[in-house]
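*Asks:*
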Amino acid sequence: MIEIKHLTKTFQDKSGPITALRDVNLSIEKGDIFGIIGMSGAGKSTLLRCLSTLETPTEGSISLDGVDYSSLSGQQLIELRRRMGVVFQGYNLLMQRTVLQNVMFPLSLAGVPKEKARERAMQLLQMVGLENKAASYPAQLSGGQKQRVAIARALSTSPEVLLCDEPTSALDSLTTKSVLELLYDINTKLHVTIVIITHEIAVVKAICNKVAVIDAAEFVECGSTKEVFADPKSDITKLLLGREEKKHG
Ligand SMILES: Nc1ncnc2c1ncn2[C@@H]1O[C@H](COP(=O)(O)OP(=O)(O)OP(=O)(O)O)[C@@H](O)[C@H]1O
Ligand SMILES: [Mg+2]
Numbered sequence: 002m003i004e005i006k007h008l009t010k011t012f013q014d015k016s017g018p019i020t021a022l023r024d025v026n027l028s029i030e031k032g033d034i035f036g037i038i039g040m041s042g043a044g045k046s047t048l049l050r051c052l053s054t055l056e057t058p059t060e061g062s063i064s065l066d067g068v069d070y071s072s073l074s075g076q077q078l079i080e081l082r083r084r085m086g087v088v089f090q091g092y093n094l095l096m097q098r099t100v101l102q103n104v105m106f107p108l109s110l111a112g113v114p115k116e117k118a119r120e121r122a123m124q125l126l127q128m129v130g131l132e133n134k135a136a137s138y139p140a141q142l143s144g145g146q147k148q149r150v151a152i153a154r155a156l157s158t159s160p161e162v163l164l165c166d167e168p169t170s171a172l173d174s175l176t177t178k179s180v181l182e183l184l185y186d187i188n189t190k191l192h193v194t195i196v197i198i199t200h201e202i203a204v205v206k207a208i209c210n211k212v213a214v215i216d217a218a219e220f221v222e223c224g225s226t227k228e229v230f231a232d233p234k235s236d237i238t239k240l241l242l243g244r245e246e247k248k249h250g
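Numbering-wise (the working numbering), the sequence shown opens with residue 2 and increments by one.
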């Protein structure tokens, strides 16, 4: 479904060029819950930003269902973006708007009539278990609730892919578990392909069928979660697994 080929992303910084991604190759299949794991600064968010068209690759290509991003015109890019929902670590909710208005927002942008948008937003809030918070403001919600609203909003335009950048790293372990269960349900019941970026092995183990490990701008290993974690090849995977063991005894 998503094909990344020879993706390199270089930023021009005051101190010189910074290569955030170097020759990354990756295939994500329809129905995957694909985990991308790595340490801070490895290039994870840059990859997600390239996938969501927020950044343009310096070299290489990304395609969705065989269509290269770089071949798309303005209107086609808008349509492509509607096929992808994005969820961020910091929720990125509109603080001056209610929960319901937040979820309705992408629908309003897409020109959906208000009544229809409201109906759809209420359905989604029900799905994430927050229909009783529709009239609340984000500031009145817990972190886990805010992330549920962000997930509902990301799903409002019925995307085929949900791109999540550290969706649970600001949450405690119990809340993390419930948000991951929600993502798992979205994948199995709504057939939404999910890409999830994290620095926690536990997140990948909980819900990802596949995983790619990224270290210093390069992908060092990739495959089924079971196989990669049962027989880690790279030092960085071993290090991440070792940390996880320490944490849980
Ligand atoms: N807009 C930018 N301009 C310059 N450098 C950037 C920019 N965005 C990212 N970088 C650099 O690219 C590298 C990768 O950053 P990125 O945010 O992708 O890492 P990350 O893996 O998401 O890290 P974290 O786990 O801390 O979120 C870092 O060295 C970062 O400083
Ligand atoms: Mg990041």
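All residues carry an ideal CB built from backbone N, CA and C; glycine is no exception.
1. Contact check, T169 vs V204 under 8 Å by CB: the rounded distance?
2. Straight-line CA distance for L78 to K247?
3. Looking at ligand 1, does it come within less than 6 Å of F12, judged from the CB to the closest heavy atom?
4. Take K178 as the anchor and find which of L163, Q146, E219 and T57 has the nearest alpha-carbon.
5. Are the beta-carbon atoms belonging to V180 and Q148 less than 7 Å from one another?
6. So the beta strand (DSSP E) P18 belongs to, where does it begin and stop?
7. Given E222, which residues of its chain have a CB within under 8 Å of its CB, disregarding the five upstream and five downstream residues?
8. What number of angstroms, rounded off, separates the C-alpha of Q90 from the C-alpha of L142?
9. Using a 10 Å radius around the Cβ and a threshold of 16 neighbouring Cβ atoms, would you call M96 buried or exposed?
10. Please list the segments of the alpha helix (DSSP H) lying wholly inside the region 115 to 153, counting only runs of 4 or more residues, in order along the chain.
11. Return the chain-ordered list of same chain residues with a C-beta closer than 7 Å to the C-beta of L241, the five sequence neighbours on each side being excluded.
12. Whole beta strand (DSSP E) runs in the region 58 to 123 with 3 or more residues, listed along the chain?
13. At a threshold of 6 Å, does S53 count as lining ligand 2 (C-beta to nearest heavy atom)?
14. Which of helix, strand or coil does DSSP assign to G42?
15. So R82 packs on T59, CB below 8 Å; how close in whole Å?
*Replies:* Let me lay it out:
1. Residue mapping note: residue 169 aligns to position 168 of the sequence shown, counting from 1. Residue mapping note: residue 204 aligns to position 203 of the sequence shown, counting from 1. Sure, about 6 Å apart at Cβ, within 8 Å.
2. As a working mapping, residue 78 is identified with position 77 in the sequence shown. As a working mapping, residue 247 is identified with position 246 in the sequence shown. Computed Cα separation, rounded: 45 Å.
3. Start at 1 with the first residue of the sequence shown, and residue 12 comes out as number 11. Yes, since a heavy atom of ligand 1 falls inside the 6 Å radius drawn around the Cβ of F12.
4. Residue 178 sits at position 177 when you count from the first residue of the sequence shown. Checking every option, the nearest Cα to that of K178 belongs to Q146.
5. What you label residue 180 is simply residue 179 of the sequence shown in a count that begins at 1. What you label residue 148 is simply residue 147 of the sequence shown in a count that begins at 1. Going by C-beta atoms, V180 is nearer than 7 Å to Q148.
6. Start at 1 with the first residue of the sequence shown, and residue 18 comes out as number 17. Note, P18: beta strand (DSSP E), G17 to I29.
7. Walking along the sequence shown from the start, residue 222 turns up at place 221. Apart from sequence neighbours up to five positions away, the residues of its chain that approach E222 with a beta-carbon distance below 8 Å are A213, V214, V229, P233, K234, S235 and T238, ordered along the chain.
8. In the sequence shown, counting from the first residue as 1, residue 90 sits at position 89. In the sequence shown, counting from the first residue as 1, residue 142 sits at position 141. Looking at the two C-alpha atoms, the distance is approximately 15 Å.
9. One-based indexing of the sequence shown puts residue 96 at position 95. By the neighbour-count rule (16 or more Cβ atoms within 10 Å), M96 is not buried but exposed.
10. 115 to 128
11. For this step, residue 241 is matched to residue 240 along the sequence shown. Excluding positions up to five away in sequence, the list reads I38 and I202.
12. Here the runs fully enclosed are 60 to 65 and 85 to 88.
13. Counting from 1 along the sequence shown, the entry for residue 53 is found at position 52. It does not: the Cβ of S53 is nowhere closer than 6 Å to a heavy atom of ligand 2.
14. For the purposes of this step, residue 42 is identified with residue 41 of the sequence shown, where counting begins at 1. Reduced to three states, the DSSP call for G42 is coil.
15. The sequence position of residue 82 within the sequence shown is 81, counting from 1. The sequence position of residue 59 within the sequence shown is 58, counting from 1. So it is not a contact: roughly 21 Å between Cβ atoms.
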